[in-house]
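K.L.:
Structure provided below as structure tokens; questions to follow.
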Amino acid sequence: MNLNKEISSNEITQAIKAFIFSLNLYKEKINNLNVFPVPDGDTGTNMLLTIKNIDTDLDSLVDIKSLLSHLRQSSLMEARGNSGVILSQFFQGLLSSYEVNDSFTISELAESFKIAAKNTRKSLPNPVDGTMMTVYEEIADSANDGLHESEKLEDLLEIIAKSSIISVKNTPNKLDILKEAGVVDSGGLGLAMMMNAWYYTKIQNNIEDNLEKAYSEMISGLSDKVSKSFLESNDELEWGNCTVFTISGNDLDIDYEREQISKFGRSPVITGDSTLIKVHIHVLDETKVIDYSNNIGKVDNLFIQNMDNQTKDFSRKNRDYTDIETSIISICDGDGIIDAFFETGGDGVHIIQGGSKNNPSIKNIMEEVNKIKSPHIIILPNNSNIATTVKQLIELNENNNIHMVNTSSIQQGIASIFSYDQSSSFESNIKDMEDSLLDIEEAFVTVSTRDVVFDGKKINKDDFFSTLNDKIYETDASPEKALVSVSRDLLKRNEILTIFVGHESILDNYDELENEILDKFTDKEVVIVDGNQSYYNYLLLAE
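Residue numbers (the numbering used here): 611 to 1153.
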């Protein structure tokens, strides 16, 4: 037994590379298990981003103390999400265990898990067992118990790898929400994959095959993704914004600030020391917690994600819709636009985010096609350039199960989705959706980015202009004036006008704008929706 053999900086760097390799390989599988604290499908992504962001100039850090200090500081600064912040505790543990004896041997490695577990439990106002924290604790127990059996690093890594698998398998027995969803803890599984990758990299033994065996063993008897019933039961919950940032300052009281900051929201993870605090918290409005934090130090590395959108997207992606004969792929952008497609088309709708400034490739679209289990697919390009790409994809497709309804705009896409019926045949849906495009008019309002002459009309840079049925309608000094004018023209011939408002024109209230449009059309209907689309101030669909 040689507990005093130093672990080198090269061996730690090798571990980081192994961590990245495993998370790259299993990111989506980890995401698919994401239940706690929020079922938003980003655990694997956040763990990978946290590790990737610390993998800079590691080879130049030959001194073990410098390397461990870099890993601790970088992981804390770059940590993403709940899982990323808790993962950073592992690197804090490595440095803290080194600093006790000014050395880093397998004894310190075993101790580092104990420190990581303790710091994680301390960082959580309401620690919950059956999570990544528990996996830290159980690895720590096994590693310290197994030290006397370990001659070298790989001996201890084997104990760590095997105990992580056992711990993860047991997480549903410690956390009811995991059992309800039919899965193991996603963060714990991510940590176990990292530790197994380190072990099998160290002994150079069929890394990918052994990682797959470890993964399969952990989920044995359970599902590889969150159950449909669980996702549906959580669809309407309000989660708010995942808000992550650092506070730097002098003489920060981490215990006091943890207590105060935790009051602003849910699922807080707050860790650090007297000079740097890392905060992860879920809030409906991030303004208050940011304002408070700015009063105690300098707020930096701010990262905010809307979890309501994430959970809805995760829920849709992970449901099994094999009973739907024809699914829809719609290519669009803007939260409100995306919601309109989902709400109108229901479970059969799949979204690829893209548009006039962001055209997806054939590969992007084919990846989505391959995820769909329905026997037939209809694609709505909603843009003429994207339509060209979709045509090429269909030509390359060996089966005849993909059809494109040639929608050249978002408005046409929305009109066609109104005619989509999950219970109808592939052929009927194609006919009904294509026929729906014959009875609509459309318009948009946007700003000119350069001087141009179009349809014989001169449009100056920064002028707002409107189009009506693909022809220039007029220019105006403001987008609102352009909107009112073209809207009134459309209402002369149509009964219902739907207006999707772009992100630059969203207001708290549209009553005044609606009244101005309907001034002489009291028998008509105007529906105004926050589309939140880019580039276009307004998209108009008249029927």
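In this text, a Cβ means the ideal position worked out from N, Cα and C, and glycines have one as well. The structure displayed is predicted, hence computed values, not measured ones.
1) Considering only C-alpha positions, which residue in the set Ile972, Val959, Lys1081, Val1057 is nearest to Ile1028?
2) Gln699 to Ile906, Cα distance in whole Å?
3) Between the C-alpha atoms of Ile987 and Gln624, what's the straight-line distance to the nearest angstrom?
4) Which two residues bound the contiguous beta strand (DSSP E) that contains Phe1110?
5) Among the candidates Ser796, Met687, Thr1077, whose CA atom is the shortest distance from the CA of Glu638?
6) Using a Cβ-Cβ cut-off of 7 Å (strictly less than) and excluding sequence neighbours within five positions of Asn692, which residues of its own chain qualify?
7) Tell me whether the segment 752–771 and the segment 805–822 touch, counting them as touching only if at least three CB pairs, one residue from each stretch, are closer than 8 Å.
8) Would you decide whether Glu1155 is buried or exposed? Buried here means 16 or more other CB atoms lie within 10 Å of its CB.
9) Do you know how far the Cα of Ala727 is from the Cα of Glu977?
10) According to the neighbour-count rule (16 or more other Cβ atoms, all chains shown, within 10 Å of its Cβ), is Glu846 buried or exposed?
11) Assign Ile593 to one of two classes, buried (16 or more other C-beta atoms within 10 Å of its C-beta) or exposed (fewer than that).
12) So, for Val909: in the same chain, excluding its five sequence neighbours on each side, which residues have a beta-carbon less than 8 Å away from its beta-carbon?
13) Using three-state DSSP, classify Leu886 as helix, strand or coil.
14) Cα-Cα, which of Ala628, Asn1125, Glu1005 is closest to Phe811?
15) Counting beta carbon pairs with one atom in the segment 1046–1066 and one in the segment 1080–1088, are three or more of them shorter than 8 Å?
16) For Ile972, I'd like the list of residues in its chain whose CB is within less than 8 Å of its CB, leaving aside the five on either flank, ordered along the chain.
17) Just verifying my parser: in three-state terms, what is the DSSP assignment at Val1055?
18) Alpha carbon to alpha carbon, how far is Val893 from Leu734? Give it in angstroms, no decimals.
19) With a 10 Å radius around its C-beta and 16 neighbouring C-beta atoms as the bar for buried, classify Ser594 as buried or exposed.
20) Asp1121 by DSSP, collapsed to three states: which one?
21) So, helix, strand or coil for Thr655, using DSSP?
22) Looking only at C-alpha atoms, which of Asp895, Ile829, Tyr809 sits nearest to Pro782?
23) If you run the structure through DSSP and keep just helix, strand and coil, what is Tyr636?
24) If contact is defined by three or more beta carbon pairs under 8 Å, each pair taking one atom from either stretch, is the segment 1095–1113 in contact with the segment 1060–1072?
25) Please list, in chain order, all residues of the same chain as Lys789 whose beta carbon is under 7 Å from its beta carbon, the five residues on each side excluded.
26) To which residues does DSSP link Gln963 through a beta bridge?
27) Please list, in chain order, all residues of the same chain as Asn1092 whose beta carbon is under 6 Å from its beta carbon, the five residues on each side excluded.
28) Tell me the rounded alpha-carbon separation between Asn780 and Tyr825.
29) List the endpoints of the continuous alpha helix (DSSP H) containing Asp680.
30) Give me the DSSP bridge partner(s) of Gln915.
31) Identify, in the order they occur along the chain, each residue of the same chain with its Cβ nearer than 6 Å to the Cβ of Ile813, setting aside the five sequence neighbours on each side.
32) In or out: Asn844 buried (at least 16 other Cβ within 10 Å) or exposed?
33) Would Leu686 pass as a contact of Lys888 if the rule is Cβ separation under 8 Å?
34) For Ile975, I'd like the list of residues in its chain whose CB is within less than 8 Å of its CB, leaving aside the five on either flank, ordered along the chain.
35) Measure the alpha-carbon distance for Asn663 versus Ser684 and round it to whole angstroms.
36) If I measure Cβ to Cβ from Glu1124 and keep anything under 7 Å in the same chain, skipping five residues before and after, which residues do I get?
P.N.:
Considering the structure as presented:
1) Correcting the residue identity first, residue 1028 is Phe in this sequence and not Ile. The candidate whose alpha carbon is nearest that of Phe1028 is Val959.
2) 23 Å
3) Distance from the CA of Ile987 to the CA of Gln624, rounded to the nearest whole angstrom, comes to 45 Å.
4) 1106–1111
5) Ser796
6) Closer than 7 Å at Cβ, skipping near neighbours: Pro647, Ser877, Val879, His890.
7) yes
8) Look at the range of the chain in this structure, 611 to 1153, and you will see that residue 1155 is not part of it.
9) 39 Å
10) Note on Glu846: pLDDT 45, under 50, position unreliable in the model; the coordinate value appears next. It is exposed - the Cβ of Glu846 has fewer than 16 other Cβ atoms within 10 Å.
11) Look at the range of the chain in this structure, 611 to 1153, and you will see that residue 593 is not part of it.
12) Excluding residues up to 5 positions away in sequence, Phe855, Thr856, Ile857, Ile900, Ser903 lie with their Cβ nearer than 8 Å to the Cβ of Val909 in the same chain.
13) strand
14) According to the sequence provided, residue 811 is Thr. The question's Phe does not apply to it. That would be Ala628, whose Cα lies nearest to the Cα of Thr811.
15) Touching, per the Cβ criterion.
16) Thr999, Gln1002, Leu1003, Leu1006
17) DSSP places Val1055 in strand when its eight states are reduced to three.
18) One C-alpha to the other measures close to 16 Å.
19) Given a span of 611 to 1153 for the chain in the structure shown, any question on residue 594 remains unanswerable.
20) The DSSP-derived three-state label of Asp1121 is helix.
21) helix
22) Ile829
23) helix
24) no
25) Pro782
26) Cys942
27) Note that residue 1092 is Ala in the sequence shown here, rather than Asn. For Ala1092, where only same-chain residues beyond five positions count, the Cβ hits under 6 Å are Val1055, Phe1074, Ser1076, Asp1086.
28) Per the coordinates, the alpha-carbon of Asn780 lies some 14 Å from the alpha-carbon of Tyr825.
29) Residue identity differs from the one stated: residue 680 is His in this sequence, not Asp. Residues 674–688.
30) In DSSP, Gln915 forms a bridge with Cys852.
31) Glu764
32) Any reading at Asn844 must be qualified, since the residue scores a pLDDT of 48, below 50, and its modelled position is unreliable; the value itself is stated next. Around the beta carbon of Asn844, a 10 Å sphere encloses 16 or more other beta carbons of the protein chains shown; the residue is thus reported as buried.
33) yes
34) Ile939, Ile941, Ile962, Ile989, Thr999, Val1000, Leu1003
35) 7 Å
36) Val1136, Ile1138
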